[in-house]
Amino acid sequence: MAAEILLPPLIYDMCLVSKMVFTPNPTTNDFLAAVICDINGFARVTAGAKRWAILDPIRLNDGDQITDLLYHRNGMVYCLTRFRDVHVLHLPQHRCRNLSSSRATH
C-alpha cells in the first residue's frame, strides 16, 4: 500500500538534488530521507521534522562528485562517486513521530 510522505522544502544555496533515498518501508510517521545536494553535499530529514538537516560536505578529489546513494541499515548510507570511491555516512536512526506528545493539552 502506497503512502504519501510530505517533506518540508529543501532550502540550500541553489541546491541541485540529484538523488534521494528513504529508509526501507517508509510511512508517513516513520521515515528518514537523505538527498545529494550539488556535488558533495547532503541533507536529511526525519518524520516530524520541520526542516532538513544540512550535513557537512564530503571531501572529494578534484573533479569528483557523488553520483549515487544506497541506504543500508542502522542509519548507514553508502555514497558512490564518479571516480568509484565509496563513502559511508552514519545517520541517526529514523524515529517514529510520537503524535500524542506533539498535541497540545488544555
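Heads up: the sequence shown at position 91 corresponds to 91 in the UniProt record's numbering, and the numbers run straight through without jumps. Quick reminder that beta carbons are idealized off the backbone N, C-alpha and C, glycines included.
Residue environment, residue i, which counts as buried when at least 16 other CB atoms sit within 10 Å
i   : result
G63 : exposed
I11 : exposed
R44 : buried
T23 : buried
A3  : exposed
Residue i (DSSP reduced to helix, strand or coil)
i   : result
L7  : coil
L80 : strand
L89 : strand
Residue j beta carbon less than 8 angstroms from that of residue i
i   : j   : result
V77 : L60 : no
Could you tell me which uninterrupted beta strand (DSSP E) segments, each at least 3 residues in length, are contained entirely in the region 12 to 68, listed from first to last along the chain?
-> Complete beta strand (DSSP E) runs here, min 3: 17 to 22, 30 to 37, 41 to 46, 53 to 55.
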